[in-house]
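Working notes, structure below.
Numbering (our numbering), first residue to last: 159 to 821.
Right, dumping it as structure tokens:
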């Protein structure tokens with residue numbers, strides 16, 4: 159079933175169909191087409207992947223809304239029988255992927271989706287919902303007779319399980335059952351108020367069918383890594399409860415600190431909270447008109463390559479909230495050094511080169527503060543023209559205490575407390591910065607002004623747990639040289655039961671999603687590593703159908719990444735796509751469509767990818783800063799992580815191997 163064939167069926171449909179373009183694979187389109195073909199009532203509504211207005215779960219594949227049939231929620235699973243290695247009586251399947259076995263229970267998934275819809279409708283309904291709700295799991299590539307032959311007596315065949323030969327009978331059977339129930343209670347149709355509540359639960363079309371991520375639909379084989387990543391992308395774009403709560407808070411005055419584990423979505427919260435604030439100000443005409451020319455929000459990060467990523471997050475968050483583009487000039491996103499240059503051009507201070515001889519970062523910050531104080535005292539009009547209403551600081555662990563002081567002094571003079579909002583994770587402290595003393599900075603961040611994000615939604619438990627044990631030197635030769643207190647948030651995680659220890663090994667409980675083990679590969683020489691990486695890329699792209707933009711190749715040193723890029727580009731017959739070297743094009747976003755991304759760990763901080771290949775682990779030292787860098791590299795991987803080295807497999811690579819054996 160192609161997309162074009164489905165389009166022709168939709169054009170001839172007797173019922174109303176919305177969102178059919180989102181049917182992203184052949185199996186989904188096949189089930190949708192069969193339901194449309196066999197539904198001949200014009201007042202029936204068929205929705206494809208509809209999102210609720212308040213949702214923290216992935217939308218179901220198909221929802222049927224009908225005044226005769228009631229509500230039917232359908233989840234489509236396109237794997238064939240050979241992909242299922244085992245089953246359990248509760249409807250759980252264990253599937254074989256190249257990344258390892260993965261358990262799924264589609265019945266739990268679709269049942270939860272059905273209850274989410276029912277609960278959302280009940281919230282807007284004045285009375286009690288009478289319309290019936292049902293759920294189904296459709297497996298269009300498996301026939302019932304083959305299913306029962308393989309599993310015999312243990313084969314689960316509940317009435318909610320729809321096989322290939324059942325597809326054409328589903329809609330007529332729902333119609334017959336619905337009319338029978340209506341006749342029994344003396345009604346002709348289900349209440350209009352119930353149907354209206356269902357539609358209200360889904361919201362308007364801008365919420366029902368949000369602008370899709372830049373992942374075009376494609377055909378891909380089931381149980382490949384490419385299929386796993388595509389399916390994961392649908393789940394990944396839905397906000398968690400924790401992210402929704404922080405995104406919705408009003409931060410008008412005073413500082414805020416948001417601490418969070420890697421992968422908890424700190425940047426997403428930043429983008430959503432700022433987009434919400436700008437939209438709220440736009441809806442207050444008298445305030446916005448009064449100050450629209452100088453209302454100014456700043457987002458600052460330490461890493462220049464992170465700027466386009468943060469800009470895109472804010473623009474997307476605003477568009478999803480309003481359906482419109484972000485107003486020009488409403489917010490500026492700049493790297494810290496670029497901000498210093500920008501304000502030097504405006505006459506705030508004299509620019510100081512980052513590598514100016516005899517000065518370190520602390521010296522520069524102190525000098526900037528002295529220059530700024532002079533301008534504030536003697537040229538208030540210049541300062542006021544370029545001061546900010548609020549500053550959002552992403553990846554705050556990269557900043558010195560003096561730099562936070564400097565940022566707080568860039569806020570408007572009429573603020574009794576600085577509106578400085580800092581997002582950080584000291585486990586990702588690449589530059590060895592000491593944790594600031596917020597009180598000495600004049601930042602009151604106690605109580606409700608301090609938030610801790612404790613759920614890692616990005617990485618699998620296996621990835622983050624292995625990386626965490628390398629970070630803390632669980633298998634280090636000289637453990638006394640690993641000062642665990644360098645990463646102060648661990649005590650908080652231990653207190654909350656999110657980390658436990660078993661024989662010295664740290665088990666992680668803040669990452670709920672499970673996946674395959676990371677892979678460690680050692681080869682004799684650097685050239686052998688080049689060839690290995692080339693072969694892995696061919697395997698990932700050609701055999702596993704992984705999109706190039708889902709692959710991120712990381713290294714510790716620029717020189718090593720440049721050498722590897724030259725080698726990969728020299729293989730003209732390799733069939734590899736175009737390569738983007740991040741630190742060569744600092745103002746371009748990473749993960750561009752149809753391009754492989756190569757980067758140092760420092761340049762990729764803040765980004766992520768479904769598949770990460772970390773090369774030349776032998777170049778990492780075993781000190782605290784290198785451990786933090788290794789941890790950041792590993793936690794860029796959402797689903798698949800492979801670390802390679804050449805020569806003797808020792809140091810952090812050996813610790814990584816030991817951790818894999820324990821996970």
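Cβ coordinates follow ideal geometry from the N, Cα and C atoms, glycine included.
Check your understanding: Skipping 5 residues on each side, what residues in its chain have a beta carbon closer than 6 Å to that of residue 801?
Key -> If you number the chain shown from 1, residue 801 lands on position 643. Here the set comprises 678, 772, 775 and 814.
Check your understanding: Is the CB-CB distance between residue 792 and residue 621 below 8 Å?
Key -> Position 634 of the chain shown, counting from 1, holds the residue named residue 792. Position 463 of the chain shown, counting from 1, holds the residue named residue 621. Inclusion of residue 792 and residue 621 in the CB contact set at 8 Å is warranted, their separation being smaller than that value.
Review point. Closest to residue 176 by CA distance: which of 160, 163, 159 and 219 is it?
Key: Within the chain shown, numbered from 1, the residue matching residue 176 stands at position 18. Minimum Cα distance to residue 176 is reached at 219.
Review point. What runs of the alpha helix (DSSP H), each 4 residues or longer, lie entirely inside the stretch 217-291?
Key: Within the stretch 217-291, the complete alpha helix (DSSP H) runs of at least 4 residues are 264-282.
**Study point:** residue 555 beta carbon less than 8 Å from that of residue 591
**Key:** On the chain shown, position 433 is the one that residue 591 refers to. On the chain shown, position 397 is the one that residue 555 refers to. Contact: yes.
Exercise for review: Could you give the DSSP three-state label for residue 355: helix, strand or coil?
Suggested key: Against the chain shown, residue 355 aligns to sequence position 197. Three-state result, residue 355: helix.
Exercise for review: Using 10 angstroms around the beta-carbon of residue 633, count the other beta-carbons present and answer buried if the total reaches 16, otherwise exposed.
Suggested key: Residue mapping note: residue 633 aligns to position 475 of the chain shown, counting from 1. Burial call: buried.
**Study point:** Close beta carbons around residue 706, own chain, < 7 Å, minus the five adjacent residues each side
**Key:** If you number the chain shown from 1, residue 706 lands on position 548. Beyond the five residues adjoining it in sequence on each side, residue 706 comes within less than 7 Å, by CB distance, of 699, 735, 752, 753 and 754 in the same chain, given in chain order.
**Study point:** DSSP beta-bridge partners of residue 206
**Key:** For the purposes of this step, residue 206 is taken as the residue at position 48 of the chain shown. In the DSSP output, where bridge partners are listed per residue, residue 206 has 220.
Practice item. Output yes or no for whether 8 Å exceeds the beta carbon distance between residue 325 and residue 189. Key: Here residue 325 refers to the residue found at position 167 of the chain shown. Here residue 189 refers to the residue found at position 31 of the chain shown. For residue 325 and residue 189, yes; Cβs fall inside 8 Å.
Point to revise | Cα-Cα separation, residue 760 to residue 741 | key: By 1-based counting over the chain shown, the position of residue 760 is 602. By 1-based counting over the chain shown, the position of residue 741 is 583. If I take the Cα positions, the gap works out to 9 Å.
Practice item. Could you pull out every residue in the same chain whose Cβ sits closer than 8 Å to the Cβ of residue 366, ignoring the five residues on either side in sequence? Key: Stepping through the chain shown from its first residue, residue 366 is reached at position 208. Note that residue 366 has pLDDT 35, beneath the 50 cutoff, so the model's placement of it is unreliable and no number is given.
Practice item. Have a look at 697, 345, 669 and 780 and flag the residue whose alpha-carbon is nearest the alpha-carbon of residue 629. Key: Locating residue 629 in the chain shown gives position 471, counting from the first residue. Considering only 697, 345, 669 and 780, the residue with the shortest C-alpha distance to residue 629 is 780.
**Study point:** Distance between residue 401 and residue 669 (C-alpha atoms, nearest Å)
**Key:** Sequence index remark: in the chain shown, residue 669 carries index 511 (1-based). Sequence index remark: in the chain shown, residue 401 carries index 243 (1-based). Taking the Cα positions, residue 669 is about 15 Å away from residue 401.
**Study point:** Separation of residue 662 from residue 812, as counted between CA atoms
**Key:** The residue given as residue 812 occupies position 654 in the chain shown. The residue given as residue 662 occupies position 504 in the chain shown. Using only the alpha carbons, I get a separation of about 17 Å.
Exercise for review: Put residue 773 into one of helix, strand or coil per three-state DSSP.
Suggested key: Here residue 773 corresponds to residue number 615 of the chain shown, with the count starting at 1. Reduced to three states, the DSSP call for residue 773 is coil.
Check your understanding: In terms of alpha-carbon separation, which member of 195, 263, 236 and 173 lies closest to residue 225?
Key -> Against the chain shown, residue 225 aligns to sequence position 67. It is 173.
Review point. Looking at C-alpha atoms only, which residue of 378, 795 and 410 is the closest neighbour of residue 711?
Key: By one-based count along the chain shown, residue 711 stands at place 553. Minimum Cα distance to residue 711 is reached at 795.
Practice item. Taking 8 Å as the cut-off, decide whether the C-beta atoms of residue 292 and residue 230 are in contact. Key: Against the chain shown, residue 292 aligns to sequence position 134. Against the chain shown, residue 230 aligns to sequence position 72. Closer than 8 Å, so yes.
**Study point:** Rounded separation between residue 616 and residue 672 - CA only
**Key:** Looking up residue 616 in the chain shown gives position 458. Looking up residue 672 in the chain shown gives position 514. Cα to Cα, the separation comes out at about 11 Å.
Point to revise | Beta-ladder partner(s) of residue 579, from DSSP | key: Locating residue 579 in the chain shown gives position 421, counting from the first residue. BP columns for residue 579 point to 414 and 550.
Check your understanding: Quick one: what's got a C-beta closer than 6 Å to residue 201's C-beta in the same chain, skipping five residues either side?
Key -> Stepping through the chain shown from its first residue, residue 201 is reached at position 43. Cβ neighbours of residue 201 beyond the five flanking positions: 225.
Check your understanding: In angstroms, rounded to a whole number, what distance separates the CA positions of residue 464 and residue 798?
Key -> Indexing the chain shown from 1 puts residue 464 at position 306. Indexing the chain shown from 1 puts residue 798 at position 640. For residue 464 and residue 798, the gap between their C-alpha atoms comes out near 22 Å.
Practice item. Name the residue from 557, 549, 510 and 570 whose alpha carbon lies nearest to the alpha carbon of residue 539. Key: In the chain shown, residue 539 corresponds to position 381, counting from 1. Just measuring C-alpha positions, the residue of 557, 549, 510 and 570 sitting nearest residue 539 is 570.
Check your understanding: Distance, Cα to Cα, residue 788 vs residue 354?
Key -> For the purposes of this step, residue 788 is taken as residue 630 along the chain shown, with counting starting at 1. For the purposes of this step, residue 354 is taken as residue 196 along the chain shown, with counting starting at 1. Rounded to whole angstroms, residue 788 to residue 354 spans 53 Å at the Cα level.
Exercise for review: Look at the alpha carbon of residue 288 and the alpha carbon of residue 270, and state the distance between them as a whole number of angstroms.
Suggested key: In the chain shown, counting from the first residue as 1, residue 288 sits at position 130. In the chain shown, counting from the first residue as 1, residue 270 sits at position 112. Whole-angstrom Cα-Cα distance: 19 Å.
**Study point:** Cβ-Cβ distance between residue 855 and residue 313 below 8 Å
**Key:** Residue 855 cannot be examined here, being either before or after the span of the chain that is shown, 159 to 821.
Check your understanding: So is residue 697 buried or exposed if we call it buried at 16+ other beta carbons inside 10 Å?
Key -> Along the chain shown, one-based indexing puts residue 697 at 539. By the C-beta density criterion, residue 697 is exposed, having fewer than 16 other C-beta atoms within 10 angstroms.
Check your understanding: Taking the C-alpha atoms as reference points, what is the distance between residue 686 and residue 482?
Key -> Start at 1 with the first residue of the chain shown, and residue 686 comes out as number 528. Start at 1 with the first residue of the chain shown, and residue 482 comes out as number 324. If I take the Cα positions, the gap works out to 51 Å.
Exercise for review: Please report the residue range of the beta strand (DSSP E) in which residue 737 lies.
Suggested key: One-based indexing of the chain shown puts residue 737 at position 579. Under the DSSP assignment, residue 737 falls in the beta strand (DSSP E) whose first and last residues are 736-739.
Practice item. Measure how close the beta-carbons of residue 415 and residue 488 come, nearest whole angstrom, since I'm counting them as under 8 Å. Key: Working through the chain shown from its first residue, we reach residue 415 at position 257. Working through the chain shown from its first residue, we reach residue 488 at position 330. Incorrect: roughly 24 Å between the Cβ atoms, too far for contact.
Review point. Residues in its own chain within less than 8 Å of residue 534 by CB, not counting five upstream and five downstream?
Key: Here residue 534 refers to the residue found at position 376 when the chain shown is read from its first residue. Within the same chain, residue 534 has close Cβ partners 541, 567 and 571.
Exercise for review: Over the uninterrupted beta strand (DSSP E) stretch that includes residue 459, give me the two end residues.
Suggested key: Against the chain shown, residue 459 aligns to sequence position 301. Start and end: 455-459.
**Study point:** Inter-residue spacing [alpha-carbon to alpha-carbon] between residue 203 and residue 418
**Key:** Translated into positions along the chain shown, residue 203 becomes position 45. Translated into positions along the chain shown, residue 418 becomes position 260. The alpha-carbon atoms of residue 203 and residue 418 are separated by roughly 42 Å.
Exercise for review: Ignoring anything shorter than 4 residues or poking outside the stretch 749-793, list the alpha helix (DSSP H) runs there in chain order.
Suggested key: Runs found: 759-762 and 782-792.
Practice item. Look at the Cβ atom of residue 184, then the Cβ atom of residue 159, and state whether they are nearer than 8 Å. Key: Here residue 184 refers to the residue found at position 26 when the chain shown is read from its first residue. Here residue 159 refers to the residue found at position 1 when the chain shown is read from its first residue. Yes.
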